[in-house]
Amino acid sequence: MTDIKSKYNLSPPEQGNSGIVLVIIFTLFIIACFIAPQHIWFFFAAFIIAIGSMYYFNSAKSGNKANFANPRGNETIVSKEALSQQRLVEALQFPAYILDSAGGVVFANKPSIAAFGKFTNGDKVFIRFRQPELRKLIEKALSSKSSLTGEYNEARPADRWFAVEIAPIFNKKGTKRNLFFLLGFHDLTEAKRTDQMRSDFIANASHELRTPLASLKGYLETIKGPARKDEKAIQKFTDVMLDQAKRMTRLVNDLLSLSRIEMQSHVRPSEIINLNEVIINVIDSVEGLAKHLDVRIVFEASKAVNIIGDRDELLQVFENLIENACKYGEEGKEIIVALERDDTTKSVIASVKDFGPGIALEHQHRITERFYRVDIARSREKQGTGLGLAIVKHILNRHTTRLEIQSAPDEGAKFLIRFPLADK
Ligand code: ADP
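Residue numbering for the sequence shown follows the numbering used here, beginning at 19 and increasing consecutively.
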């Protein structure tokens, strides 16, 4: 047990006292029976009444006292009620404390020690939680003897958010004297982070759409105004407008893809897929782009590489990786797509390698984030949306595998994925 050695160890001796009184009453009863055996029933009744009254007063006295821990460090806990409160708080999976009415920590459970560290010897809770808002909340609950909720943010050692709840623990009799309080912390950090990511994502997506929209508007105004009669300018501007419209279409398609994949993320794929066939399909569809960018795709196939997957999603994965290799690879060089069966681990490693400028280490762990690009201008020039690798990551999560990157500047980039084989 993670007891705080507190000053609340008031009465182990009370049990010792009751024992002595009991022995005295019993001895008196025996002596009286010897001296006046004719009044044995009278003495017996007096004996029962004495014991009954003793227990009544004892329990009334200890009624509201919750003695949580012994200062000498043993586990003597006098009040059964206190013991059950302590066990209850100990069973909670979130950080929780029992406080006395002055804010002293009487008990701290294990999650609270892991989250906020230890208290010693009935320290006041404010020693650790100094934030004025939280202090006010606790003090108000202690003085008004009522339940209150609030939020608590810690900047150090890491940015963490908690929902805080403090409530009085009423004893069996419901009296408000010598009250203890339960102080609990529920971690909101993950939820806050998700909120932040969502709002960043909306801001990024709007920004990405706003740029081509603004340029479309500008060109339309020019065509309607000063360049109204300039055939050549109109031809040039409509070409640019078409490019911008295509860019917006690509962006919206990628956004829809992402949201569709996210919606299915909890459903495992179940089709049996031949990876050779998927990759040949993708290579056929990107052949035009490869020619246009002057790169040559080489495919090193493998025999019998059936995996469990979702065909459309796997097509998307290899489309994104091979298109990226074409876009960011070196002109006039090769792109090597390979499937390697690994019979010892019953898996297949799919890889896409180019001989372009590569990706520096500091960018490698970020390029699967939405809208993250090493060089925004180059990505736009290559008609990128910054969402391709985010889509790949999400699809691979659903396939319970992940993307590995091997790259160094000027040494090209190799993307690898390991899939378990279906026909083991
Ligand atoms: P984009 O649409 O910009 O290509 P991706 O999500 O597909 O977006 O890729 C994110 C970024 O990762 C790219 O903008 C690029 O900077 C980098 N990147 C991806 N693939 C390669 C590669 N094969 N070589 C070098 N950089 C790459």
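Idealized CB from N, CA, C, for every residue including glycine.
Any non-hydrogen atom of ligand 1 within 6 Å of residue i CB
i	result
residue 421	no
residue 107	no
residue 391	yes
residue 213	no
residue 360	no
residue 218	no
residue 397	yes
residue 385	yes
residue 342	yes
residue 374	yes
residue 181	no
residue 407	yes
residue 377	yes
residue 115	no
residue 431	yes
residue 229	no
residue 243	no
residue 1	Outside the displayed range of the chain (19 to 442) lies residue 1, so it cannot be described from this structure.
residue 1	Here the chain has residues from 19 to 442 only, and residue 1 is not among them.
residue 363	no
residue 267	no
residue 207	no
residue 404	yes
Counted within 10 angstroms of its Cβ, other Cβ atoms place residue i as buried (16 or more) or exposed
i	result
residue 111	exposed
residue 426	exposed
residue 87	Bear in mind that a pLDDT of 49 at residue 87, under 50, signals an unreliable position, so the model cannot answer this.
residue 310	exposed
residue 56	exposed
residue 103	buried
residue 403	buried
residue 388	buried
residue 84	Here the model assigns residue 84 a pLDDT of 44, short of 50, so the residue's position is not dependable and the matter cannot be decided.
residue 145	exposed
residue 371	buried
residue 274	exposed
residue 41	exposed
residue 334	buried
residue 213	exposed
residue 272	buried
residue 306	exposed
residue 118	buried
Spatially closest choice to residue i from the options, by CA coordinates
i	options	result
residue 228	199, 258 and 266	266
residue 182	197, 196, 153 and 282	153
residue 120	401, 160, 100 and 128	160
residue 358	397, 128, 438 and 313	438
residue 69	396, 44 and 355	44
residue 328	412, 377 and 262	412
residue 350	316, 113 and 254	316
residue 167	368, 114, 177 and 184	184
residue 386	173, 136, 342 and 313	342
residue 430	382, 66 and 62	382
residue 122	397, 180, 128 and 137	137
residue 151	180, 288, 436 and 133	180
residue 418	396, 286, 331 and 355	286
residue 38	249, 58 and 72	72
residue 330	399, 378, 409 and 365	409
Q: Please specify which runs of the alpha helix (DSSP H), each continuous and at least 4 residues long, are wholly inside the region 134–174, giving them in chain order.
A: 150–162
(Q) Suppose only complete runs of 3+ residues qualify. What are the beta strand (DSSP E) ranges in the region 254–307, listed by chain order? (A) 289–292
Q.
To test your reading of the DSSP string, which unbroken beta strand (DSSP E) runs of 3 or more residues are found completely within the region 361–409?
A. 365–371
Q: Go through the region 172–243 residue by residue and report every complete run of the beta strand (DSSP E) that reaches 3 residues or more, in order.
A: Those beta strand (DSSP E) runs which fall completely within the region 172–243 and span 3+ residues are 178–187 and 198–205.
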